[in-house]
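Participant: The following block contains the structure, expressed as structure tokens.
2 protein chains.
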Amino acid sequence: MSERTRIKRLPERGSKDRGLLDAILDEALICHIGFTREDGPVVLPTIHARVGDTIYLHGSVAAGNMRALKDGRPVCLTATLVDGIVAARALFNHSMNYRSAVVFGTARLVGDAAERTAAFRAITEHVLPGRWEEARHPNDAEDRQTMVLAVSIDEWSVKTRTGGPGDDEVDYAGDIWAGVIPLAMTAREPVPDELLRPGIDSPPSVRSYRP
Amino acid sequence: MSERTRIKRLPERGSKDRGLLDAILDEALICHIGFTREDGPVVLPTIHARVGDTIYLHGSVAAGNMRALKDGRPVCLTATLVDGIVAARALFNHSMNYRSAVVFGTARLVGDAAERTAAFRAITEHVLPGRWEEARHPNDAEDRQTMVLAVSIDEWSVKTRTGGPGDDEVDYAGDIWAGVIPLAMTAREPVPDELLRPGIDSPPSVRSYRP
Chain G
18 MSERTRIKRL PERGSKDRGL LDAILDEALI CHIGFTREDG PVVLPTIHAR
68 VGDTIYLHGS VAAGNMRALK DGRPVCLTAT LVDGIVAARA LFNHSMNYRS
118 AVVFGTARLV GDAAERTAAF RAITEHVLPG RWEEARHPND AEDRQTMVLA
168 VSIDEWSVKT RTGGPGDDEV DYAGDIWAGV IPLAMTAREP VPDELLRPGI
218 DSPPSVRSYR P
Chain C
18 MSERTRIKRL PERGSKDRGL LDAILDEALI CHIGFTREDG PVVLPTIHAR
68 VGDTIYLHGS VAAGNMRALK DGRPVCLTAT LVDGIVAARA LFNHSMNYRS
118 AVVFGTARLV GDAAERTAAF RAITEHVLPG RWEEARHPND AEDRQTMVLA
168 VSIDEWSVKT RTGGPGDDEV DYAGDIWAGV IPLAMTAREP VPDELLRPGI
218 DSPPSVRSYR P
């Protein structure tokens, strides 16, 4: 464990459970990637996918931030799931239930054709399981326009909060309500493309999608 | 506009609409804050609240990352709302609908009592509107344990994607389904604290909560 992965504040919320890290990364639809540019820190949302001990990212070869990352500079990838609002009797004890995964590393440019295809597949299946078999695969021109980056899961930390509010003894006797409002991402009815030809039903990936 | 706030990739997704920035910051329950430590970049989830041109953050005075920020080092605050999965005919044209707000600045330690109270109120009302009037306010000991930081909204950028998929001419004639799966955060039924005294109903803030 390195200094930066040691959970110092509320260590009971920290976890060294690698399975929990993987579960958070796999459930989170996006993550936020941070790195340091010449003009300071930057944090950007991005789609990711985990394959074993590797997190894959992709983007346009024309994107400045992708180009900035391929030189192997340090990155921090953070995926956060918000699970609920914790309303306590005291404002001080209000909190959120959440699960967050933080991975420190450096991005590696993926050039190998087989690994790139595996990454495309993983990213597709991460966002919409089953879609890889349904949609048209990248052609050579599309492939050339896409950069794939990989970050190894070596140095990481997990922090979570679950359960109800914790208040101070003096407040339990009062008449202030306390509890949790659970939150979750939900999917609404799919909206077909206006240009969809008649008679094409929504496919299994879309019909069975659950966030 | 500075170099880092200029949207170079897909500039049609960029916006200089300050109202849109504010709307994203206000709707997002959390943001991710990035900064550079001695050992590299770090990205952490945090609760925030906007008051005019200022974003307030809070945390424990014992938290190393809060202490690291109060020295005025550069930060990047990013709030992202995921609005949908865009399924195109070609995998290359798959995308997400989203709204993201990125603010660059430095954190200022807030010491003024009135500004601290305004920040506590804003953070409470950001997460759970109406809660400020319902719960017990911080006492002196709680106040001393809480650090408040402020980041001015000076340098910022907004990027969004909305609408259906955009495919290539050749793919429209095929029989692959395309469309959008809308996503939204939703609240489930509130769960009262196990230690709640009988006869205390959920208050307006909880009953009327909508993410």
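Residue numbers (my numbering), protein chains in the order written: chain G, 18 to 228; chain C, 18 to 228.
No residue lacks a Cβ here, since even glycine has one placed at the ideal position from N, Cα and C.
Leaving aside the five residues before and after Lys-15/G along the sequence, list all residues of the same chain whose C-beta is less than 7 Å from its C-beta, in chain order.
Facilitator: Look at the range of chain G in this structure, 18 to 228, and you will see that residue 15/G is not part of it.
Participant: Looking at the secondary structure, which residues open and close the alpha helix (DSSP H) in which Gly-36/G lies?
Facilitator: For the purposes of this step, residue 36/G is taken as the residue at position 19 of the first sequence. Run containing Gly-36/G: 35-44, per the alpha helix (DSSP H) assignment.
Participant: Which residues, in chain order, does the segment 47-60 of chain C contribute to contact with chain G at a C-beta distance below 8 Å?
Facilitator: Listed by position, the residues of the segment 47-60 of chain C near chain G (Cβ gap below 8 Å) are Ile-47, His-49, Ile-50, Gly-51, Phe-52, Thr-53, Arg-54, Asp-56, Gly-57, Pro-58, Val-59 and Val-60.
Participant: Spatial neighbours of Phe-121/C within its chain, please: C-beta separation below 6 Å, excluding the five flanking residues on both sides.
Facilitator: Counting from one through the second sequence, the residue named residue 121/C turns up at place 104. These residues qualify, in order along the chain: Cys-93 and Glu-172.
Participant: For the alpha helix (DSSP H) that Val-223/G lies in, which residues bound it at each end?
Facilitator: Locating residue 223/G in the first sequence gives position 206, where the first residue counts as 1. It spans 221-224 - the alpha helix (DSSP H) in which Val-223/G sits, taken as one unbroken run.
Participant: Along chain G, which residues have their Cβ under 7 Å away from the Cβ of Ser-117/C?
Facilitator: Counted from its first residue, the second sequence places residue 117/C at position 100. Near Ser-117/C (Cβ distances below 7 Å), the residues of chain G are Pro-62.
Participant: Mind checking the segment 199-211 of chain G against chain C and listing, in chain order, the residues whose C-beta falls within less than 7 Å of any C-beta there?
Facilitator: Those residues of the segment 199-211 of chain G that come within reach of chain C (Cβ to Cβ, closer than 7 Å) are Pro-199, Leu-200, Ala-201, Met-202, Thr-203, Ala-204, Arg-205, Pro-207, Val-208, Pro-209, Asp-210 and Glu-211.
Participant: To which residues does DSSP link His-49/C through a beta bridge?
Facilitator: Numbered from 1 along the second sequence, position 32 holds the residue referred to as residue 49/C. Bridge partners of His-49/C: Pro-62/C and Thr-95/C.
Participant: For Val-197/G, list the residues DSSP reports as bridge partners.
Facilitator: Residue 197/G sits at position 180 when you count from the first residue of the first sequence. According to DSSP, which records beta bridges pairwise, Val-197/G is partnered with Val-103/G and Val-208/C.
Participant: For a test of the three-state rule: what should DSSP assign to Arg-30/C, helix, strand or coil?
Facilitator: Here the question's residue 30/C lines up with position 13 in the second sequence. Residue state, collapsed to three classes: helix.
Participant: Quick one: measure Cβ to Cβ for Pro-221/G and Ala-204/G, integer angstroms, because I've assumed they're closer than 8 Å.
Facilitator: Working through the first sequence from its first residue, we reach residue 221/G at position 204. Working through the first sequence from its first residue, we reach residue 204/G at position 187. Contact flag wrong, Cβ pair sits at about 14 Å.
Participant: What's the C-alpha gap between Leu-236/G and Ala-96/C?
Facilitator: This structure cannot settle anything about residue 236/G, because the visible part of chain G is limited to 18 through 228.
Participant: At a Cβ threshold of 8 Å, is Met-18/G touching chain C?
Facilitator: As a first step, residue 18/G is located in the first sequence; it is residue number 1 there, counting from the start. Note that Met-18/G has pLDDT 46, beneath the 50 cutoff, so the model's placement of it is unreliable and the number below is only indicative. Closer than 8 Å: no.
Participant: In this structure, how does DSSP classify Met-18/G when only helix, strand and coil are distinguished?
Facilitator: On the first sequence, residue 18/G is found 1 positions in, with the first residue counted as 1. Because the pLDDT at Met-18/G is just 46, under 50, the model does not fix this residue reliably, and the point stays unresolved.
Participant: Starting from Arg-67/G, follow its DSSP beta bridges and name the residues at the other end.
Facilitator: Residue mapping note: residue 67/G aligns to position 50 of the first sequence, counting from 1. Arg-67/G pairs with Ile-72/G.
Participant: First and last residue of the alpha helix (DSSP H) that includes Glu-159/C?
Facilitator: Residue 159/C sits at position 142 when you count from the first residue of the second sequence. From DSSP, the alpha helix (DSSP H) with Glu-159/C extends over 157-161.
Participant: Check the C-beta distance from Gly-101/C over to Met-113/C and give it rounded, since I have them as a contact under 8 Å.
Facilitator: Reading the second sequence from its first residue, position 84 is the one you call residue 101/C. Reading the second sequence from its first residue, position 96 is the one you call residue 113/C. Rounded, the Cβ-Cβ distance is 7 Å, consistent with contact.
Participant: Roughly how many angstroms separate the alpha carbons of Ala-158/C and Ala-195/G, rounded to a whole number?
Facilitator: Numbered from 1 along the second sequence, position 141 holds the residue referred to as residue 158/C. Numbered from 1 along the first sequence, position 178 holds the residue referred to as residue 195/G. Using only the alpha carbons, I get a separation of about 21 Å.
Participant: Below 8 Å between beta carbons is the criterion; list the residues of the segment 104-137 of chain C that meet it against any residue of chain G, in chain order.
Facilitator: Of all residues in the segment 104-137 of chain C, Ala-104, Ala-105, Arg-106, Ala-107, Leu-108, Phe-109, His-111, Met-113, Tyr-115, Ser-117, Val-119, Phe-121 and Phe-137 have a Cβ within less than 8 Å of some Cβ in chain G.
Participant: Consult DSSP for Glu-132/C and reduce its assignment to one of helix, strand or coil.
Facilitator: Here residue 132/C corresponds to residue number 115 of the second sequence, with the count starting at 1. Three-state DSSP puts Glu-132/C in a helix.
Participant: How big is the Cα-Cα spacing for Met-18/C and Leu-200/C?
Facilitator: Sequence index remark: in the second sequence, residue 18/C carries index 1 (1-based). Sequence index remark: in the second sequence, residue 200/C carries index 183 (1-based). The predicted model places Met-18/C with a pLDDT of 47, which falls under 50 and marks its position as unreliable, so this point remains unresolved.
Participant: Does Glu-165/C have its Cβ less than 8 Å from a Cβ in chain G?
Facilitator: In the second sequence, counting from the first residue as 1, residue 165/C sits at position 148. It should be pointed out that residue 165/C corresponds to Val in this sequence rather than to Glu. So, not an interface residue.
Participant: Taking all protein chains shown into account, do 16 or more other C-beta atoms lie within 10 angstroms of the C-beta of Val-78/C, making it buried, or fewer, making it exposed?
Facilitator: If you number the second sequence from 1, residue 78/C lands on position 61. Burial call: exposed.
Participant: Taking 8 Å as the threshold (beta carbon to beta carbon), is Leu-213/G in contact with chain C?
Facilitator: By one-based count along the first sequence, residue 213/G stands at place 196. Yes, contact with chain C.
Participant: In chain G, what lies closer than 7 Å to Ile-217/C by C-beta?
Facilitator: To locate residue 217/C, count along the second sequence from 1; it is residue 200. Near Ile-217/C (Cβ distances below 7 Å), the residues of chain G are Asp-192 and Trp-194.
Participant: Per the DSSP calculation, Gly-122/G is bridged to which residue(s)?
Facilitator: For this step, residue 122/G is matched to residue 105 along the first sequence. Note: Gly-122/G sits in a beta bridge opposite Val-92/G.
Participant: Rounded to the nearest angstrom, what separates Arg-138/C and Ala-139/G at their Cα positions?
Facilitator: In the second sequence, residue 138/C corresponds to position 121, counting from 1. In the first sequence, residue 139/G corresponds to position 122, counting from 1. Their Cα atoms are separated by approximately 43 Å.
Participant: Could you please give me the residues that DSSP links to Thr-179/G through a beta bridge?
Facilitator: Along the first sequence, read from residue 1 onward, the residue named residue 179/G stands at position 162. None, per the DSSP bridge assignment.
Participant: Taking the alpha carbon of Val-60/C as the reference point, which residue from Val-187/G, Pro-215/G, Asn-110/G and Pro-91/G has its own alpha carbon closest?
Facilitator: Counting from one through the second sequence, the residue named residue 60/C turns up at place 43. Nearest option by C-alpha distance: Pro-91/G.
Participant: Counting only the same chain and skipping the five closest in sequence on each side, list residues whose C-beta sits under 8 Å from that of Leu-98/C.
Facilitator: Residue mapping note: residue 98/C aligns to position 81 of the second sequence, counting from 1. Same-chain partners within the cutoff: Ile-41, Glu-44, Ala-45, Tyr-115, Arg-116 and Ser-117.
Participant: Mind listing the chain G neighbours of Thr-95/C? Cutoff is C-beta to C-beta under 9 Å, in chain order.
Facilitator: Here the question's residue 95/C lines up with position 78 in the second sequence. Within 9 Å Cβ-Cβ: His-49, Gly-51, Val-59, Val-60, Leu-61 and Pro-62.
Participant: Compute the Euclidean distance between the alpha carbons of Ala-167/G and Ile-47/C, then round it to the nearest angstrom.
Facilitator: By one-based count along the first sequence, residue 167/G stands at place 150. By one-based count along the second sequence, residue 47/C stands at place 30. Taking the straight line joining both Cα atoms gives about 27 Å.
Participant: Hey, does His-143/C have any beta-carbon neighbour from chain G nearer than 8 Å?
Facilitator: Residue 143/C sits at position 126 when you count from the first residue of the second sequence. Not closer than 8 Å to any Cβ of chain G, the Cβ of His-143/C fails to qualify, so no.
Participant: Taking Gly-81/C as part of the alpha helix (DSSP H), name the residues at either end of that continuous run.
Facilitator: Indexing the second sequence from 1 puts residue 81/C at position 64. Looking at the DSSP string, the run of the alpha helix (DSSP H) that includes Gly-81/C is 81-86.
Participant: Using alpha carbons as the reference points, say which of Arg-106/C, His-49/C and Lys-87/C lies closest to Leu-126/C.
Facilitator: The count along the second sequence starts at 1 and reaches residue 126/C at position 109. Closest option to Leu-126/C, Cα to Cα, is Lys-87/C.
Participant: Beta-carbon separation of Val-197/C and Gly-181/C under 8 Å?
Facilitator: Counting from one through the second sequence, the residue named residue 197/C turns up at place 180. Counting from one through the second sequence, the residue named residue 181/C turns up at place 164. For Val-197/C and Gly-181/C, yes; Cβs fall inside 8 Å.
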